[in-house]
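Colleague: Once you've had a glance at the structure underneath, I'll fire off some questions.
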Amino acid sequence: MTPAGSAEGGGSQGPRHPRHRRRTRHAGETGAKPDSRRGAIAWKRPWPKTRRQGRAVRGEAQRSHTMPEHPTHAFGRRGLALLAAAAFGGGAGMAGAYLATGQAAAAGQAAEPGFDPGGDLVARWSLAAYQAIKAKDGYRDPLAASRILAMMHLAMHDAVNAAAPRFATHLPLSAVQGADPAVAASAAAHGVLRALCPGQREALAFEAEKTMLEAGRGEAVARGRLLGETVAATMLVSRAGDGADRVERYGPMNHVGAYRYTPGYDFLFAPQWRSVRPFALLRPAQFRTAPPTSVESAAYARAFAEVKRIGGKDSADRTEDQTHAAHFWYEFSDIGWNRVARVAAREHALDLWDAARLFALVNMALADGYIAGWDSKIHHDFWRPVTAIRMAAQDFNPETSPDPAWEPLLPTPPVQDHPSTHATLGAAAAAVMAELLGDATPFALASTTALPENPVRRFQGFAAAARENAESRIAAGLHFRFACDAGLELGRRIGRYAVANHLRPVE
Numbered sequence: 001m002t003p004a005g006s007a008e009g010g011g012s013q014g015p016r017h018p019r020h021r022r023r024t025r026h027a028g029e030t031g032a033k034p035d036s037r038r039g040a041i042a043w044k045r046p047w048p049k050t051r052r053q054g055r056a057v058r059g060e061a062q063r064s065h066t067m068p069e070h071p072t073h074a075f076g077r078r079g080l081a082l083l084a085a086a087a088f089g090g091g092a093g094m095a096g097a098y099l100a101t102g103q104a105a106a107a108g109q110a111a112e113p114g115f116d117p118g119g120d121l122v123a124r125w126s127l128a129a130y131q132a133i134k135a136k137d138g139y140r141d142p143l144a145a146s147r148i149l150a151m152m153h154l155a156m157h158d159a160v161n162a163a164a165p166r167f168a169t170h171l172p173l174s175a176v177q178g179a180d181p182a183v184a185a186s187a188a189a190h191g192v193l194r195a196l197c198p199g200q201r202e203a204l205a206f207e208a209e210k211t212m213l214e215a216g217r218g219e220a221v222a223r224g225r226l227l228g229e230t231v232a233a234t235m236l237v238s239r240a241g242d243g244a245d246r247v248e249r250y251g252p253m254n255h256v257g258a259y260r261y262t263p264g265y266d267f268l269f270a271p272q273w274r275s276v277r278p279f280a281l282l283r284p285a286q287f288r289t290a291p292p293t294s295v296e297s298a299a300y301a302r303a304f305a306e307v308k309r310i311g312g313k314d315s316a317d318r319t320e321d322q323t324h325a326a327h328f329w330y331e332f333s334d335i336g337w338n339r340v341a342r343v344a345a346r347e348h349a350l351d352l353w354d355a356a357r358l359f360a361l362v363n364m365a366l367a368d369g370y371i372a373g374w375d376s377k378i379h380h381d382f383w384r385p386v387t388a389i390r391m392a393a394q395d396f397n398p399e400t401s402p403d404p405a406w407e408p409l410l411p412t413p414p415v416q417d418h419p420s421t422h423a424t425l426g427a428a429a430a431a432v433m434a435e436l437l438g439d440a441t442p443f444a445l446a447s448t449t450a451l452p453e454n455p456v457r458r459f460q461g462f463a464a465a466a467r468e469n470a471e472s473r474i475a476a477g478l479h480f481r482f483a484c485d486a487g488l489e490l491g492r493r494i495g496r497y498a499v500a501n502h503l504r505p506v507e
């Protein structure tokens, strides 16, 4: 196990089969070399260029989402019967289904007492999910990844608390007596991931079987497995039709201040995400941000000058530490902040219930940060600094001056400026962890995009890390300061709302 407070790790991984050993190595987790090249952060096109490709993509999308739409393919008739009890019957009907099936599956076996992997089980599945998503598509769609992570961690939380209630569940489940909570959590994670990352079933099955081998045999283990499978199926059905699979096109506007496609891209990434059903929020626009600063204002000119001065590719004013921070935080936020959660869970030695709740709330907040952030971004449709600086001659602001050759330190993502969703997600995750664990949690962290000379950064607490994360987007040349400030405020509101209204302690 990586020592608490060290440069991360994904929890104790234990011995691994040689066939799967290479899957565990990646930067910031097990010491693999970081990669800050553009290819490390690749945004895939949300729709194909040709009609023929469009038909192929739609067909593939339908095939890849067969599992959530038809849970019998993943769980069989027994799982579907339990799913029906969980989703539509609940109460004694569901408990009876578990009891009857569990007794038949575990007849004559004695439960193995004392199996308690603690919060490390949740961290293991957090890392396994990262590896599965990376193997699936190179982790090129952080929005879809955040949805997978939220579904998996909510399923784990619900499975644990259906087996032994300490916190309210996300899904409408009833308590199930006699099920092993850890086995239920592992089976729930496995069920969600094997449906949403079907090409990684062998590696995921290996992770699930480790828990089963550790737990031993017995009626509680059999019931826990059935409970977890049922919760996973229920989660998949509950998110079917949530808007994530819609295809929506976007055409840029030409008025001053409006978003234009950023260099290297001829599309806006995932415009449909503004309408995806949130996990914690009531609606995507619940905390929609105020409009960005007017391009004709003095405040805009100050923000313009700042990002132009320190965010340029060859800036002489950006400090070495700002450059290091810009690269460090460039990785997708759902990757980095789940790593922070793993470090924090170990630092606080969280048990299974508290760790499951922490990761569930963090990933609810991260997923909703993307959804709410996309809602505000597309609503305001504000241009990025690279566009604003190159087109400053047209902004009617006498205090700005154009530089047609200006380039940011790092490539600009293909989505609008305001608010910064990087800042939003960082603040959302930090708010959740501060609410649950207290902000005074010093930690060290690595990153998949860190420069080799600065592989680890240290922070005095979650809020400090979130602030540096937001500031890094200015030093990278990617956002105006007002977009980062708006993102921080939006993220804090999302994180605090999630903790105040979801997965509350059972009275």
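Position 285 (the sequence shown) corresponds to 285 in the UniProt record's numbering; numbering is contiguous.
The beta-carbon is built from N, C-alpha and C at its ideal position, and this holds for glycine as well.
Would you tell me roughly how many angstroms separate the C-alpha atoms of T323 and G477, rounded to the nearest one?
Modeller: Cα to Cα, the separation comes out at about 11 Å.
Colleague: Mapping DSSP to helix, strand and coil, what is L204?
Modeller: L204: helix per DSSP, three-state reduction.
Colleague: Distance check for F462 and V456, CA to CA, integer angstroms please.
Modeller: Cα-Cα distance, rounded: 16 Å.
Colleague: Should A162 go down as buried or exposed, given a rule of 16 or more other Cβ atoms within 10 Å for buried?
Modeller: A162 comes out buried.
Colleague: Going by DSSP, what residue range makes up the beta strand (DSSP E) through V456?
Modeller: Residues V456 to F459.
Colleague: Between the Cα of H422 and the Cα atoms of G228, S447, A450 and D334, which residue gives the shortest distance?
Modeller: Answer by Cα proximity: D334.
Colleague: Considering only residues of the segment 377 to 446, which uninterrupted beta strand (DSSP E) runs meet the minimum length of 3 residues and lie entirely inside it, listed in chain order?
Modeller: If we require 3 residues or more, the beta strand (DSSP E) runs fully inside the segment 377 to 446 come out as 443 to 446.
Colleague: In whole angstroms, what separates the C-alpha of A123 from that of S447?
Modeller: In a straight line, the C-alpha of A123 is about 17 Å away from that of S447.
Colleague: Work out the CA separation of A150 and G96 for me, nearest whole Å.
Modeller: Reliability of the predicted coordinates at G96 is poor, the pLDDT of 37 falling under 50, and no value is obtained from them.
Colleague: How many whole angstroms separate the CB atoms of V499 and A429, which I take to be in contact at a CB cut-off of 8 Å?
Modeller: Not a contact, Cβ separation roughly 11 Å.
Colleague: Pull up the CB-CB distance for L409 and G312, whole angstroms please, since I reckon it's below 8 Å.
Modeller: Correct: roughly 7 Å between the Cβ atoms.
Colleague: Out of curiosity, what's the CA-to-CA distance linking residue 516 and A240?
Modeller: The first residue shown for the chain is 1 and the last is 507, placing residue 516 beyond what the model contains.
Colleague: Could you tell me which of T424, E468 and N454 sits nearest to G495, measuring between CA atoms?
Modeller: Of T424, E468 and N454, the residue nearest in Cα terms is T424.
Colleague: Cutting at 6 Å between CB atoms, please list the residues of its own chain near P404, excluding the five before and the five after it.
Modeller: Correct list, in chain order: R390.
Colleague: Please classify P172: is it buried, with 16 or more other beta-carbons within 10 angstroms of its beta-carbon, or exposed?
Modeller: So P172 counts as exposed.
Colleague: Shortest alpha-carbon distance to E453 belongs to which of A233, A325, R504 and H380?
Modeller: Ranking the options by Cα distance to E453, first place goes to A325.
Colleague: Going by beta carbon distance, what residues of the same chain come within less than 7 Å of H327, once the five residues before and after it are set aside?
Modeller: For H327, where only same-chain residues beyond five positions count, the Cβ hits under 7 Å are S36, T449, A450 and L451.
Colleague: Which full runs of the beta strand (DSSP E) of 3+ residues lie inside the segment 261 to 296, going along the chain?
Modeller: DSSP runs (the beta strand (DSSP E)) wholly in the segment 261 to 296: none.
Colleague: Flag this pair as yes or no: are the beta carbons of P252 and A258 separated by less than 8 Å?
Modeller: Their beta carbons are under 8 Å apart, which means P252 touches A258 by this criterion.
Colleague: Is it buried or exposed, H479, if we count other Cβ atoms within 10 angstroms and call 16 or more buried?
Modeller: That one is buried.
Colleague: Please list, in chain order, all residues of the same chain as R338 whose beta carbon is under 6 Å from its beta carbon, the five residues on each side excluded.
Modeller: Inspection of the sequence shows that residue 338 is occupied by Asn rather than by Arg. S126.
Colleague: With distances taken between CB atoms, is the gap from A360 to D417 smaller than 8 Å?
Modeller: The answer is no: Cβ separation not under 8 Å.
Colleague: Report the CB separation of A486 from E399 in whole angstroms; it is logged as a contact under 8 Å.
Modeller: The Cβ separation is near 22 Å, so there is no contact.
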